[in-house]
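Chain order of the listed sequences is A and B.
Residue numbering for the first sequence follows my numbering, starting at 179 and increasing by one per position.
Residue numbering for the second sequence follows my numbering, starting at 4 and increasing by one per position.
We put the CB at the ideal spot given by N, CA and C, even for glycine.
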Amino acid sequence: MKQIITPGEKIQGKVNNYVYRKGEEQYATIYGLLSEREGFNKIVPLKGKYTPVEGDIVIGIITEVKHNGYFVDINSPYSGFLMSQKEYNHGEVVLAKIIRVDEVKRVLLGEDRKLVGGNIIEILPVKIPRVIGKKNSMLNLIREKTGSEILVGRNGRVWIKGGDIAKAEEAIFRIEREAHTTGLTERITKMLEE
Amino acid sequence: MKKEGEKKMGMKSDVQLIKDGKRIDGRNFDELRPLKIEAGVLHRADGSCYLEWGGNKVIAAVYGPRECFPRHEQDPLKARLTYRYNMAPFSVEDRKRPGPDRRSIEISKVSRQALERVVFLEYFPRTSIDVFVEILQADAGTRIAGITAASVALADAGIPMRGLVAGCAAGKVDDTVVLDLGKEEDNYGQADMPVAMLAGTDEVVLMQMDGDFSKEEFDQAFELIRKGIKQVYEEQKRALKEKYEKGIEGDINDQ
């Protein structure tokens, strides 16, 4: 059973996140989708900005070059700082890992890799798990059917190079729009095979 | 006719506001004007809402959390919330001089403080959450319509909140306590009390009053408002749920 919840709705049973307690009861904090399974419920937000989390892989754009590193736009209210020996210019695209996030959300990036060429699209960060799928299933499906090289950042950016870029983009935007529905994999497979 | 910005309670007039147990627009004493809410109407905003409530037409847009400018207004512990209530020049009968005036600055302030109680600002340190409320057409009760729309827009932006804020007004016309004043009732009535609450609870986040109530009248008005807010809250929830239930091939309930 899945249902759409709004902030302030009472939630029964154990939940992963996105609730607050008041007295004996717990209430949702967010506009999202609640899926109920025996003993454990899960809330997935329907919208929202990306909040940096340690260990996430993100796709960033260099915004400022400093003497010991770079400021990077990571599609979030917070910009990242990349400490790297490599040379980048303003506007270049990097794939990087979030090494550390402190209590005022200053973000340190590392393990960077330059991305040359290709297209970048931005989707809602909360829909990224659906684009990846269980054990990369959805992502591998799109890669296979379009022959594109695709990299996904947890911050909502998707980098696509080679193959049928237009088709891959169409598929990803469709996943974003229909992320909350069931039977999505079948529909995307059908669409890609057309 | 005078502008909404210059209203004074208890204006003398020959208008009879209650006739045969019905109000001037045919409503019962405890009846709301027709309310329609739609979420997610603007594509450039992070969250948005369009609301029609009687003759009121309101559009609300939410941006953020985003980087906070000017820098010195950043708070390392929580987000900054801004709220702008603005009336369009064509929203009232005579042209309203554009730009903030004393009335809209006050409304922005009380509405902002109401929402600050409800949004989890501490989740987004150093950022800013900006709420813009545009009154396209005014017909009494615009501050309440604005805050009702703004809270739907905040939810639509995916911002964590303790709950939705719903509002409703009550007032006194021809010595009778009535719910949700219309334009004439507001202009020629004896009292007007807008209230906003954290919906689903009894927590008041905004309350103002113009004119006067006796203690009994106040209690009566407050009880009416509580019932009105329940209806407003249901419509808010409906608007948010409808957005993801319609227009998609797979039924979300068939797993």
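CB contact check: B/Lys125 to chain A, cutoff 8 Å: For the purposes of this step, residue 125 of chain B is taken as residue 122 along the second sequence, with counting starting at 1. Sequence inspection shows Glu at residue 125 of chain B; the Lys mentioned does not correspond to that position. So no, B/Glu125 is outside the interface.
Suppose only complete runs of 3+ residues qualify. What are the beta strand (DSSP E) ranges in the region 245 to 314 of chain A, listed by chain order? Within the region 245 to 314 of chain A, the complete beta strand (DSSP E) segments at least 3 residues long are 248 to 251, 258 to 260, 271 to 279, 285 to 293 and 297 to 300, listed from N- to C-terminus.
At least three beta-carbon pairs within less than 8 Å, the region 228 to 247 of chain A to the region 176 to 194 of chain B: Cβ pair count under 8 Å is below three, so no.
So for A/Gln204, helix, strand or coil by DSSP? Residue numbering aside, residue 204 of chain A sits at position 26 when the first sequence is read from its first letter. The answer is strand: DSSP assigns A/Gln204 an E or B state.
B/Val235 lies in the alpha helix (DSSP H); which residues open and close that run? Here residue 235 of chain B is taken as the residue at index 232 of the second sequence, counted from 1. That run of the alpha helix (DSSP H) goes Lys218 to Glu248.
Contact list for A/Thr241 against chain B, beta-carbon separation under 9 Å: By 1-based counting over the first sequence, the position of residue 241 of chain A is 63. Taking the beta carbon of A/Thr241 as reference, no residue of chain B falls within 9 Å; the closest one sits roughly 12 Å away.
Which of helix, strand or coil does DSSP assign to A/Asn194? Translated into the one-based positions of the first sequence, residue 194 of chain A becomes position 16. DSSP places A/Asn194 in coil when its eight states are reduced to three.
Taking 8 Å as the CB-CB cut-off, is B/Tyr247 touching chain A? Taking the second sequence and counting its residues from 1, one reaches residue 247 of chain B at position 244. Yes, B/Tyr247 lies at the interface with chain A (some Cβ there is under 8 Å from its Cβ).
With a threshold of 7 Å on Cβ separation, who are the neighbours of B/Tyr126 within its own chain once the five nearest residues in sequence on each side are excluded? Indexing the second sequence from 1 puts residue 126 of chain B at position 123. Pro163.
Quick check: the region 90 to 97 of chain B against the region 119 to 134 of chain B, are there 3 or more CB pairs under 8 Å? No, the region 90 to 97 of chain B is not in contact with the region 119 to 134 of chain B.
Along chain A, in chain order, which residues have C-beta atoms closer than 7 Å to that of B/Pro103? Reading the second sequence from its first residue, position 100 is the one you call residue 103 of chain B. Correct list: empty, because the minimum Cβ distance to chain A is about 26 Å.
Figure out for me which residue from A/Val285, A/Gly295 and A/Thr324 has the closest Cα to the Cα of A/Asn345. For the purposes of this step, residue 345 of chain A is taken as residue 167 along the first sequence, with counting starting at 1. Per the sequence presented here, residue 345 of chain A reads as Lys, with Asn not at that position. The shortest Cα separation from A/Lys345 among A/Val285, A/Gly295 and A/Thr324 belongs to A/Thr324.
Can you pull the chain A residues whose beta carbon is under 9 Å from the beta carbon of B/Arg165, in chain order? As a working note, residue 165 of chain B is residue 162 in the second sequence. Contacts between B/Arg165 and chain A, judged by CB atoms closer than 9 Å, involve Pro185, Gly186, Tyr198, Lys200, Tyr205 and Thr207 in chain order.
Any Cβ of chain B within less than 8 Å of the Cβ of A/Leu224? Mapped onto the first sequence, residue 224 of chain A falls at position 46. It does: the Cβ of A/Leu224 has a partner Cβ on chain B nearer than 8 Å.
For the beta strand (DSSP E) holding A/Gly226, just list the boundary residues, first then last. In the first sequence, counting from the first residue as 1, residue 226 of chain A sits at position 48. Note, A/Gly226: premise wrong, no beta strand (DSSP E); not H, not E.
Using the DSSP secondary-structure output, state which residues sit across from A/Met179 in a beta bridge. Sequence index remark: in the first sequence, residue 179 of chain A carries index 1 (1-based). Residue pairing by DSSP places A/Met179 opposite no residue, since no beta bridge is assigned to it.
Classify B/Leu38 as buried or exposed, calling it buried when 16 or more other Cβ atoms lie within 10 Å of its own Cβ. Stepping through the second sequence from its first residue, residue 38 of chain B is reached at position 35. Taking all protein chains shown into account, B/Leu38 has 16 or more neighbouring C-beta atoms within 10 Å of its C-beta and is therefore buried.
Please work out which residues of its chain come closer than 8 Å, Cβ to Cβ, to A/Arg332, disregarding the five sequence neighbours upstream and downstream, and give them in chain order. On the first sequence, position 154 is the one that residue 332 of chain A refers to. For A/Arg332, same chain residues with a beta-carbon under 8 Å away, outside a window of 5 residues either side, are Tyr228, Val231, Asp234, Ile235, Val236, Pro303 and Ile306 in chain order.
Determine whether the beta carbon atoms of B/Glu248 and A/Ile182 lie at a separation below 8 Å. Mapped onto the second sequence, residue 248 of chain B falls at position 245. Mapped onto the first sequence, residue 182 of chain A falls at position 4. A contact, by the Cβ cut-off of 8 Å.
Cutoff 7 Å; reference B/Arg120; Cβ partners in own chain excluding five residues on either side: Your numbering for residue 120 of chain B matches position 117 in the second sequence. Correct list, in chain order: Val208.
Check whether the Cβ atoms of B/Val61 and B/Ser51 sit closer than 8 Å, and answer yes or no. Residue mapping note: residue 61 of chain B aligns to position 58 of the second sequence, counting from 1. Residue mapping note: residue 51 of chain B aligns to position 48 of the second sequence, counting from 1. No, the pair does not count as a contact, with Cβ atoms beyond the cut-off.
Nearest by alpha-carbon distance to A/Tyr248: which of A/Thr367, A/Ile310, A/Gly288 and A/Glu203 is it? For the purposes of this step, residue 248 of chain A is taken as the residue at position 70 of the first sequence. Taking only the C-alpha atoms, the option nearest A/Tyr248 is A/Gly288.
What residues are listed by DSSP as bridge partners for B/Ala199? Along the second sequence, read from residue 1 onward, the residue named residue 199 of chain B stands at position 196. B/Gly170 and B/Leu209.
If I measure Cβ to Cβ from A/Ala357 and keep anything under 6 Å in the same chain, skipping five residues before and after, which residues do I get? The residue given as residue 357 of chain A occupies position 179 in the first sequence. The residues Lys305 and Arg308, in chain order, have a CB closer than 6 Å to that of A/Ala357 in the same chain once the five nearest residues on each side in sequence are set aside.
Interface partners of A/Pro255 on chain B, CB under 9 Å: By 1-based counting over the first sequence, the position of residue 255 of chain A is 77. Listed along chain B are Gly67, Pro68, Arg69, Glu70, Cys71, Ala82, Phe127, Arg129, Thr130 and Ser131, each with a C-beta nearer than 9 Å to that of A/Pro255.
At least one CB of chain A closer than 8 Å to the CB of B/Lys244: is that the case? For the purposes of this step, residue 244 of chain B is taken as residue 241 along the second sequence, with counting starting at 1. Look at B/Lys244: its C-beta is under 8 Å from a C-beta on chain A.
Please specify which runs of the beta strand (DSSP E), each continuous and at least 3 residues long, are wholly inside the region 71 to 155 of chain B, giving them in chain order. With a minimum length of 3 residues, the continuous beta strand (DSSP E) runs that stay inside the region 71 to 155 of chain B are 83 to 90 and 130 to 140.
Chain A within 8 Å of B/Gly203, Cβ atoms only: Working through the second sequence from its first residue, we reach residue 203 of chain B at position 200. Closer than 8 Å to some Cβ of chain A, the Cβ of B/Gly203 qualifies, so yes.
Taking C-beta to C-beta, are B/Glu220 and B/Lys175 nearer than 8 Å? Looking up residue 220 of chain B in the second sequence gives position 217. Looking up residue 175 of chain B in the second sequence gives position 172. B/Glu220 places its beta carbon less than 8 Å from that of B/Lys175.
Would you please verify whether the beta carbon of A/Val282 is less than 8 Å from any beta carbon of chain B? Translated into positions along the first sequence, residue 282 of chain A becomes position 104. So yes, A/Val282 belongs to the interface.
Reducing DSSP to helix, strand and coil, say where A/Glu187 ends up. Sequence index remark: in the first sequence, residue 187 of chain A carries index 9 (1-based). Note: A/Glu187 maps to coil in three-state DSSP.
Just how far apart, CA to CA, sit A/Asp280 and B/Pro79? Within the first sequence, residue 280 of chain A is the residue found at index 102, counting from 1. Within the second sequence, residue 79 of chain B is the residue found at index 76, counting from 1. Spanning the two alpha carbons is a distance of roughly 12 Å.
Check whether the Cβ of B/Ile255 lies closer than 8 Å to any Cβ atom in chain A. Working through the second sequence from its first residue, we reach residue 255 of chain B at position 252. Unreliable positioning characterises B/Ile255 in this predicted model, as indicated by a pLDDT of 48, which lies under 50. A coordinate reading is not provided.
A/Ile182: contacting residues in chain B (beta-carbon distance under 8 Å): The residue labelled residue 182 of chain A in the question sits at position 4 within the first sequence. Within chain B, the residues near A/Ile182 are Leu243, Lys244, Tyr247, Glu248 and Ile255.
Rounding to the nearest angstrom, what Cα-Cα distance links B/Lys5 and B/Leu35 in this structure? In the second sequence, residue 5 of chain B corresponds to position 2, counting from 1. In the second sequence, residue 35 of chain B corresponds to position 32, counting from 1. Unreliable positioning characterises B/Lys5 in this predicted model, as indicated by a pLDDT of 42, which lies under 50. The coordinate reading is nonetheless provided below. For B/Lys5 and B/Leu35, the distance between alpha carbons rounds to 24 Å.
Indicate whether at least one CB of chain B lies closer than 8 Å to the CB of A/Lys227. Residue mapping note: residue 227 of chain A aligns to position 49 of the first sequence, counting from 1. For A/Lys227, the answer is yes, since a Cβ of chain B falls inside 8 Å of its Cβ.
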